[in-house]
Amino acid sequence: MQTPTPLRIRISWPAGHLTASLDDTPTSQAITKALPLVSTARTWGAEVYFDIGVSVSRETGAREVVEPGTVAFWTDGDALALPYGPTPISQGDECRLASPCNVLGRLDGDPGLLATVRDGDPVRVELLEA
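Number 169 in the numbering used here belongs to position 65 of the sequence shown; there are no gaps in the numbering.
Right, dumping it as structure tokens:
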């Protein structure tokens with residue numbers, strides 16, 4: 105039996121880019137069908153998020169507190185959420201999202217690079233071929 109190739113995406117903004125590996129979830133499937141896409145970055149503490157024009161339901165494993173570098177989907181805002189440190193509602197150093205989000209996967213590399221994203225920057229998300 106062949107193992108499915110993980111879905112990989114590239115997230116680019118004017119000052120840099122990161123790639124991410126996504127788990128095979130209903131939300132990941134819906135997002136990859138919408139790629140490539142361009143959106144406008146918003147920042148909230150040490151989190152970058154942006155609307156991706158996809159609407160899905162909250163999955164059973166949705167979480168509010170995640171590790172830095174988690175790729176999450178904020179169902180309340182139809183947005184990809186990329187936390188890399190504390191947000192305004194975090195307790196201590198945790199990454200606390202605005203509400204429970206569907207966890208999609210992880211960024212490859214240093215999530216701290218997201219600190220170079222400025223509010224209002226154009227962000228492009230594309231699927232990487234296996």
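All residues carry an ideal CB built from backbone N, CA and C; glycine is no exception.
Span of the beta strand (DSSP E) around serine 116: 111 to 117
- request: Excluding the 5 residues preceding and the 5 following alanine 134 in the sequence, name in chain order all residues of the same chain whose CB lies nearer than 8 Å to its CB.
  value: Val158 and Val160
- request: Return the first residue and the last residue of the alpha helix (DSSP H) that threonine 136 is part of.
  value: 130 to 138
task: Look at the Cβ atom of leucine 111, then the Cβ atom of serine 132, and state whether they are nearer than 9 Å.
output: yes
- request: Please name the residue in Pro192, Leu126 and Gly149 whose C-alpha comes closest to that of phenylalanine 177.
  value: Leu126
message: Can you look up threonine 164 in the DSSP assignment and give me helix, strand or coil?
response: coil
task: Determine the direct distance from the alpha carbon of arginine 228 to that of serine 116, and round the result to whole angstroms.
output: 5 Å
query: Which class does threonine 220 belong to by DSSP, given the choice of helix, strand or coil?
result: helix
query: Considering only the beta carbon of each residue, do arginine 210 and threonine 174 sit closer than 9 Å?
result: yes
- prompt: Buried or exposed: where does isoleucine 193 fall if 16 or more other Cβ atoms within 10 Å of its Cβ makes it buried?
  reply: exposed
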